[in-house]
Amino acid sequence: MASLHEYFLKDGSTYLRHNQQWTMNLPDGTLSPEVTATLCMDFQANSKFVWFYIPDIAGVDCPEILLLNKLDEILDWPRTNVGVTAGFAGEQTHGTDLAFTGRITFYSERPVREEHKEQMTREARSFGHHLTFRSIEHRDMRNKLERPMAFISHDSRDKELIAGPLAIQLQKFMCPVWYDDFSLKVGDSLRESIEAGLKECPKCILVLTPNFLSNAGWTKREYDSIFTREVVEKEKLILPVWHNVGRDDVFKYSMILADRVAAQWSLGVEEVGRRLVRALT
1 MASLHEYFLK
11 DGSTYLRHNQ
21 QWTMNLPDGT
31 LSPEVTATLC
41 MDFQANSKFV
51 WFYIPDIAGV
61 DCPEILLLNK
71 LDEILDWPRT
81 NVGVTAGFAG
91 EQTHGTDLAF
101 TGRITFYSER
111 PVREEHKEQM
121 TREARSFGHH
131 LTFRSIEHRD
141 MRNKLERPMA
151 FISHDSRDKE
161 LIAGPLAIQL
171 QKFMCPVWYD
181 DFSLKVGDSL
191 RESIEAGLKE
201 CPKCILVLTP
211 NFLSNAGWTK
221 REYDSIFTRE
231 VVEKEKLILP
241 VWHNVGRDDV
251 FKYSMILADR
261 VAAQWSLGVE
271 EVGRRLVRAL
281 T
């Protein structure tokens, strides 16, 4: 299941983004977790707009109101922080010349109270601005509606360096996946959830590493399950990713698997993600 922060990153992946983090002084004298302000620049549409990601900040009633006071500073970033220019020679557009659409979106881990929403919306409207509030309800609804396009089968030892970054990259490419850290919640049956994911996802991404090939437990069961599904459905469902393994290693594990064209992790997570998306769509 994707987090609200992951949706914040994913939703703006097609725009040029300038991010800045801030902290707030809390009543107890400490600093808050970092708030992220993002200026999204769409040079094709000659427009720019603003997004905020706000973690749950204890001791601050409505940080969203405080952040609106920084709007002029954020809109001036293309001039004060970094010179942003795009386009071919003779057609270039500077970031300061993009038209501000008035769109401001808040991704808030703690829902904004209705009275604050009404106050902020009313004041913003007087300046021609349009506010959108996204919180855990938005996250939960999207998770419910977005059917995963692939199941990521991996060894848990490869989670931090390979499987996790790959899952996040695919989400950025608007490609929802079944990945245990996203899809499992406390109290779920591990076996039932994994079986359901393997049955329901159109494809299965196998992250083949020395750890995966030496694991006779969960990963072997997952491979056996998806291979059985291939036989029953008479479809090729497996998309392999190789990391630090060769054809001989894969052949020893499965002769059939060694015949599949794989994405090589050495290409980098972004390129691997791009190739997988092409295979999935």
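Note that the UniProt record's numbering gives residue 193 to position 193 of the sequence shown, counting from 1, and the numbers run on in steps of one. Built from N, CA and C at the ideal position, the CB exists for glycine as well. Since this is a predicted model, take the numbers as computed values, not measurements.
| Asked | Found |
| --- | --- |
| Test item: CB-CB of L198 and S156 under 8 Å | no |
| Boundaries of the alpha helix (DSSP H) in which D11 is found, first to last residue | 4-11 |
| 6 Å CB neighbourhood of R242 in its chain, flanking five on each side removed | Contrary to the premise, residue 242 reads as Trp rather than Arg in this sequence. The answer, listed in chain order, is L208, A262, Q264. |
| Local conformation of Q169 per DSSP, three classes | helix |
| Boundaries of the alpha helix (DSSP H) in which M120 is found, first to last residue | 114-126 |
| H138 versus R113 - alpha carbon distance | 15 Å |
| Three-state secondary structure (DSSP) of G29 | coil |
| C-alpha distance - T105 paired with V232, whole-angstrom precision | 46 Å |
| Which residues DSSP lists as bridging L206, in chain order | S153, P240 |
| Endpoints, alpha helix (DSSP H) assigned at N143 | 136-145 |
| Candidates R134, E123, V60: closest to L31 by CA position | V60 |
| C-beta contact flag for A37 and L75 at 8 Å | no |
| Close-in-space but distant-in-sequence residues of the same chain around T101 (CB under 6 Å, 5 per side omitted) | S47, F49 |
| Inter-stretch contact (C-beta, 8 Å, three-pair minimum) for the segment 107-124 and the segment 134-152 | yes |
| Best match in Y179, R260, K234, H129 for proximity to E222 [C-alpha to C-alpha] | Y179 |
| Residue range of the alpha helix (DSSP H) that includes R103 | Not the alpha helix (DSSP H): R103 falls in the beta strand (DSSP E), residues 99-108. |
| V50 - DSSP class collapsed to helix/strand/coil | strand |
| Counted within 10 angstroms of its Cβ, other Cβ atoms place P202 as buried (16 or more) or exposed | exposed |
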